[in-house]
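Residue numbers (the working numbering): 13 to 117.
Next up, the structure:
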């Protein structure tokens with residue numbers, strides 16, 4: 013499987029059309045606090061009002077262990093929820109950070 017996997021996820025009920033649906037995802041390995049896990053990256057593709065595609069790539073041993081994708085989706089403006097994007101220029105080594113300032117409420 014090469015450590016790469018995508019799977020469709022359907023919403024329990026569809027969102028209304030006209031406003032983009034935002035999906036945020038992260039992964040966890042369950043309640044295994046004493047274990048060290050290989051690096052993993054998760055992203056979502058093809059978001060519609062009824063579904064999205066969740067993708068995961070893991071380094072090291074790949075999918076030999078249990079991996080859970082946690083996600084939430086919303087549409088429109090939500091009280092107390094801020095969203096946006098941060099752009100990073102190309103780089104191949106080291107680390108880069110961008111400061112994200114939340115708007116004043």
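Ideal placement from N, C-alpha and C gives every residue a C-beta, glycine not left out.
As the structure is a computational prediction, the values presented were derived from the model and not from experiment.
- In the DSSP assignment, residue 27 falls outside any beta strand (DSSP E) and carries neither an H nor an E.
- Here residue 36 has 83, 84 as same chain residues with Cβ atoms under 7 Å from its own Cβ, once five neighbours each way along the sequence are excluded.
- Using a Cβ distance threshold of 8 Å, residue 61 and residue 26 count as a contacting pair.
- Within the same chain, 82 come within 6 Å of residue 38 by CB-CB distance, once the 5 residues on both sides are set aside.
- Apart from the 5 residues on each side of it in sequence, residue 92 has no Cβ closer than 7 Å to any other Cβ in its chain.
- Straight across, the Cα-Cα distance linking residue 17 with residue 32 is about 25 Å.
- Of the candidates 106, 96, 53, 96 places its Cα closest to the Cα of residue 113.
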